[in-house]
């Protein structure tokens, strides 16, 4: 009799596990969807216009004047949209805009990337946005 009880228990556990596998994954929250759209939009405006693309290429080549200008523009944009921290990375260079907390204390960020062509080579521009 004990064998039947163990077999029944194993069957119930297996069925429960199977049902759990078929359950849908939790849908992303509206906040996550908004952050995803925001990071995509930031990258889009960074590479679409010639003027912005030149600034991004200048950032990658470490032109200090361009870096400060971009940091100021993106900080203003991020603070106007909400309390967001933007991190741009390209060719090993990193620019943080409107980031109040150190990297270790920031919440999980959403990331996206675009390919930028500077006339000689392709480079990857990566952006991540998180809440401050």
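Numbering (our numbering), first residue to last: 71 to 202.
No residue lacks a Cβ here, since even glycine has one placed at the ideal position from N, Cα and C.
Under DSSP, residue 147 takes part in no beta bridge, so it has no partner. Residue 160 has 163 as its beta-bridge partners, per DSSP. Here the alpha carbons of residue 174 and residue 125 stand approximately 28 Å from one another. With fewer than three CB-CB distances shorter than 8 Å, the stretch 140-154 does not count as touching the stretch 178-195. Proximity of the stretch 110-120 to the stretch 188-201 meets the contact definition, three or more beta-carbon pairs being nearer than 8 Å. Taking residue 132 as reference, the option from 144, 162 and 153 with the minimal CA-CA separation is 162. In chain order, 199 place their CB closer than 6 Å to the CB of residue 108, counting only its own chain and leaving out the 5 sequence neighbours on each side. The stretch 153-167 and the stretch 86-96 do not touch, with fewer than three beta-carbon pairs separated by less than 8 Å. Taking every protein chain shown into account, the CB of residue 186 has 16 or more other CB atoms within 10 angstroms, so this residue is buried.
DSSP places residue 181 within a strand segment (E or B) once states are collapsed to three. Looking at the backbone, the Cα of residue 105 and that of residue 122 are separated by about 21 Å. DSSP lists no beta-bridge partner residue for residue 75.
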